[in-house]
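Following: one structure in structure tokens, then a few remarks.
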Amino acid sequence: SLVVLFGATAGAYGAKLGSDERELILLVWQVVDLHSKKVGTLHKSLVKADNLDLSDQCREVSGLTPEGLGKAEPLDRVLQQFSQLVSSDLKVLGRSSYTLCSDGQLLIRQVLHPETSKKNFLLSDCFYSFYDLRKEFHTCYPSSAAVKDQTIKTMAEYLGLGTDEAEEDFGVWQVKTMVAIIFSMLSEGCNHVFSEPETVKYKYETGPCSKSEIVDSETVIRARGLPWQSSDQDIARFFKGLNIAKGGVALCLNSQGRRNGEALVRFVNSEQRDLALERHKHHMGSRYIEVYKATGEEFLKIAGGTSNEVAQFLSKENQVIIRMRGLPFTATQEDVLGFLGPECPVTGGKEGLLFVKYPDGRPTGDAFVLFSCEEYAQNALKKHKEILGKRYIELFRSTAAEVQQVVLNRYMSTPLIPTLPTPIIPVIPPPYTIATGSIRDCVRLRGLPYTAGIDDILEFMGDATGDIKPHGVHMVLNQQGRPSGDAFIQMKSADKAFMVAQKCHKKMMKDRYVEVFQCSGEEMNFVLMGGTLNRSGLSPPPCKLPCLSPPAYAAFQTAAVIPAEAAALYQPQALLPTTRTHQASAAAPPAVTYYPAQAAQLYMNYTAYYPSPPVSPTTVGYIAAPPGAVAAAATATHTPLLPQPGALVRMQGLPYNTGMKEILSFFQGYQYAPDDYNGLIQLSDQARSVLQAPKEWVCL
87 SLVVLFGATA
97 GAYGAKLGSD
107 ERELILLVWQ
117 VVDLHSKKVG
127 TLHKSLVKAD
137 NLDLSDQCRE
147 VSGLTPEGLG
157 KAEPLDRVLQ
167 QFSQLVSSDL
177 KVLGRSSYTL
187 CSDGQLLIRQ
197 VLHPETSKKN
207 FLLSDCFYSF
217 YDLRKEFHTC
227 YPSSAAVKDQ
237 TIKTMAEYLG
247 LGTDEAEEDF
257 GVWQVKTMVA
267 IIFSMLSEGC
277 NHVFSEPETV
287 KYKYETGPCS
297 KSEIVDSETV
307 IRARGLPWQS
317 SDQDIARFFK
327 GLNIAKGGVA
337 LCLNSQGRRN
347 GEALVRFVNS
357 EQRDLALERH
367 KHHMGSRYIE
377 VYKATGEEFL
387 KIAGGTSNEV
397 AQFLSKENQV
407 IIRMRGLPFT
417 ATQEDVLGFL
427 GPECPVTGGK
437 EGLLFVKYPD
447 GRPTGDAFVL
457 FSCEEYAQNA
467 LKKHKEILGK
477 RYIELFRSTA
487 AEVQQVVLNR
497 YMSTPLIPTL
507 PTPIIPVIPP
517 PYTIATGSIR
527 DCVRLRGLPY
537 TAGIDDILEF
547 MGDATGDIKP
557 HGVHMVLNQQ
567 GRPSGDAFIQ
577 MKSADKAFMV
587 AQKCHKKMMK
597 DRYVEVFQCS
607 GEEMNFVLMG
617 GTLNRSGLSP
627 PPCKLPCLSP
637 PAYAAFQTAA
647 VIPAEAAALY
657 QPQALLPTTR
667 THQASAAAPP
677 AVTYYPAQAA
687 QLYMNYTAYY
697 PSPPVSPTTV
707 GYIAAPPGAV
717 AAAATATHTP
727 LLPQPGALVR
737 MQGLPYNTGM
747 KEILSFFQGY
757 QYAPDDYNGL
767 IQLSDQARSV
777 LQAPKEWVCL
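The number in this note's numbering is simply the position in the sequence shown, starting from 1, with 86 added.
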């Protein structure tokens, strides 16, 4: 038997059903006996939504009113009535089992499953298997329109069914017409057999992913804006109703191994991926989640792994993974098992523990633990921030993809300064000063396409480009040197900034809308230094914490300029944009990299983002220096360039309170650069503090 099901929400109708996250307000159904071709009673039930504000389209199409819906039952009661009435009708027809049949996938996958998941009640098993009438119709009548173009009306017209939609109540006509279409498909000329129903996965399955695996780019999306504590199960719940591939959730981490609010999700096919894209700006708790297309290559970069140790650890399937962070470096397997205790036994004992180590074998303080069931994992999470030795231990839910990413990608990466870079033009006096204070004369652009450049931003701002301060465009890059989707613009006044925010907010750039907010110079500097700016205010960057600032260089009030030598050492090569050639006929000035004053306190180990060098609308991008300019500039400024390759060493693992005297004492007996007792390239204090990141020094 089939139960023909139709529904509507308080919002969009038709192809956009469920895309606006509105609640279900109507269910209509009827039982059909495929063998005897008899039908049961047609039932129509209104559903009381939490928000009774109906869209104009809903009012027009359905004829329903908030007053009428206010007297209806809530969704959980309606679904209970649905099960009882279907069982009663089946008993009358002499049947016992049934499968749902709906007009397309949207009602089941995009409405019922997401809504019941948010309201925290379970759907009965019948909602995990259903027939898509559009697909079945196209299989029966291959010459009909494509599945995505089918509607109940077009299918009825194709068969020549003379039903009048205006004569019936909304929902009743749709169900009666669907029943008539099914009977036509069962007629002697067609003899269609309903044999392969659509399925909805009951739960997300974890598992490892190999870098050699082929991942179709048409099945991958990127979710952005996730709460930092969200797990793979939380993401699977956000996409409830859609089938995620096994091990298909990969949480993205920053270079410190911490989640950055993004995840790549792989679905079983492109159809499921397309439905996932319709959940763009849907909510996870109080946060809206952005959903974009991604590639298989991006997924494998995050989720793929080839380590035998990791593969063996993840070989036990259907395990709950917990990540431990902050372990003492001397902690052993016995210490960890003792910390967890008998109430949360680890799967396989010591085999269920995986310590994360640096390439040289030193422990990082992280470990992953396997538990065989949710109960044991919950018991372990209750130990969050309990003490082991003299340290408190953090515990979080984790994923197979995160295990691979942390163990393989983070700790097996290349050194920060693998080779000595080619010398570049030395320091040039700063021609500008970054704005500070609370005057809201800046704007923040959020949601830029990752391919957007300075030229795109200037075109986006239109006539307001003339009101930008010189060197007032600041692209924000992530630690991989790629655009983060944010940029800051310094305007000539607060009024100009206000006008730009009003005029350009949610204006389209390429295929994306860009949010534009007015902000102050202080807020801009906070974000450029790695802090966050959100509805709740400013969250200072980690490098502003007192315990992380070198005591000798706490703060600087003047603008700082990092010479090209320092920038080349400090920044990965990918962080520097592609060099552009100045179009003017005049000789190009020497290349130089600029940073705001507070950027002199940036520490590579603790910040999440880095500002790109600010540019001016009149001098966009970097200006390459002629080959002979290096020697000329060096002669003119009398600044020594870097010594020959091999003369530079990098120190790691230093105590955080290490000063210049301790460094010189450590190298006592060795000859360092005779004309530079600072032990560094000859730089200003501001520039030196950038190289002087905690636990890392660069010495000549």
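Glycine included, each C-beta is placed from N, C-alpha and C at the ideal position.
Since the structure is predicted, the reported quantities are computational estimates derived from the model, not experimental observations.
Per-residue DSSP class, three states only, for residue i
i: D762; result: With a pLDDT of 45 at D762, under the threshold of 50, the modelled position of that residue is not reliable, and no figure is offered here.
i: N792; result: Residue 792 is absent from the structure shown; the chain starts at 87 and stops at 786.
i: E299; result: coil
i: A135; result: coil
i: R532; result: strand
i: L361; result: helix
i: A309; result: strand
i: Y217; result: strand
i: C590; result: helix
i: F92; result: strand
i: Q576; result: strand
i: S188; result: strand
i: Q236; result: coil
i: D142; result: helix
i: D119; result: strand
i: L62; result: Any question about residue 62 goes unanswered here, given that the chain covers just 87 to 786.
i: H224; result: helix
i: E201; result: helix
i: K102; result: helix
i: G97; result: coil
Pairwise C-alpha distance: residue j and residue i
i: D790; j: V279; result: Since the first residue of the chain shown is 87 and the last is 786, residue 790 is not available in this structure.
i: I33; j: Q358; result: Coverage of the chain is limited to positions 87 through 786, which leaves residue 33 absent and any answer about it impossible.
i: Y378; j: A309; result: 7 Å
i: K134; j: P160; result: 5 Å
i: A336; j: G745; result: 41 Å
i: E383; j: S303; result: 8 Å
i: L245; j: P283; result: 23 Å
i: L198; j: L110; result: 8 Å
i: K589; j: L112; result: 40 Å
i: C459; j: A158; result: 40 Å
i: E395; j: G347; result: 27 Å
i: S148; j: S182; result: 33 Å
i: T644; j: A538; result: Here T644 scores only 36 on pLDDT, less than 50, and its place in the model should not be relied on; the value that follows carries that caveat. Roughly 31 Å between the two C-alpha positions.
i: N206; j: D318; result: 18 Å
i: K443; j: F482; result: 19 Å
i: E601; j: M595; result: 10 Å
i: T704; j: V586; result: Its pLDDT being 37, under 50, T704 is placed unreliably by the model, and nothing is read from it.
i: N329; j: S215; result: 12 Å
i: D136; j: S169; result: 22 Å
Start-to-end residues for the beta strand (DSSP E) that takes in residue i
i: D175; result: Not the beta strand (DSSP E): D175 falls in the alpha helix (DSSP H), residues L161 to L179.
i: Q604; result: R598 to C605
i: E472; result: E472 to L474
i: R736; result: V735 to Q738
Neighbour-count burial assignment, residue i, 16 or more Cβ in a 10 Å radius
i: I473; result: exposed
i: P682; result: Residue confidence for P682 is low, a pLDDT of 39 falling below 50, so the modelled location carries little weight; the figure read from the coordinates is stated next. So P682 counts as buried.
i: A82; result: What the structure shows of the chain is the stretch from 87 to 786, and residue 82 is not part of that stretch, so it cannot be assessed.
i: Q405; result: buried
i: D218; result: buried
i: Y478; result: exposed
i: C276; result: exposed
i: H557; result: buried
i: R195; result: buried
i: Q657; result: Because the pLDDT of Q657 is 42, which lies under 50, any placement of that residue in the model is unreliable, and the number read from its coordinates should be weighed accordingly. Classification of Q657: buried, given that the 10 Å Cβ count is 16 or more.
i: E146; result: exposed
i: E429; result: exposed
Endpoints, the alpha helix (DSSP H) within which residue i is located
i: V489; result: A486 to Q490
i: F482; result: F482 -> not in any alpha helix (DSSP H); beta strand (DSSP E) instead, spanning R477 to R483.
i: L155; result: P152 to G156
i: W259; result: V258 to M271
i: A389; result: G382 to A389
i: S751; result: M746 to F752
i: N394; result: N394 to F399
Near the ligand GTP: residue i beta-carbon under 6 Å from a heavy atom
i: V117; result: Ligands in the displayed structure: none, and consequently the ligand GTP is not present.
Practice task
Starting from the N-terminal side, write out each stretch of the beta strand (DSSP E) that is 3 residues or longer and does not extend beyond the stretch 318 to 378.
Solution key: Qualifying beta strand (DSSP E) stretches, in chain order: 330 to 339, 345 to 353 and 368 to 370.
Practice task
Jot down the residue ranges of each uninterrupted alpha helix (DSSP H) in the stretch 402 to 463, minimum 4 residues, whole runs only, in chain order.
Solution key: Taking only runs of at least 4 residues, the alpha helix (DSSP H) segments lying wholly in the stretch 402 to 463 are 419 to 426.
Handout entry: Within the stretch 535 to 574, ranges of the beta strand (DSSP E) (whole runs, at least 3 residues)
Key = When DSSP assignments are scanned along the stretch 535 to 574, the uninterrupted stretches of beta strand (DSSP E) that are 3 or more residues long and fall wholly within it turn out to be 554 to 564.
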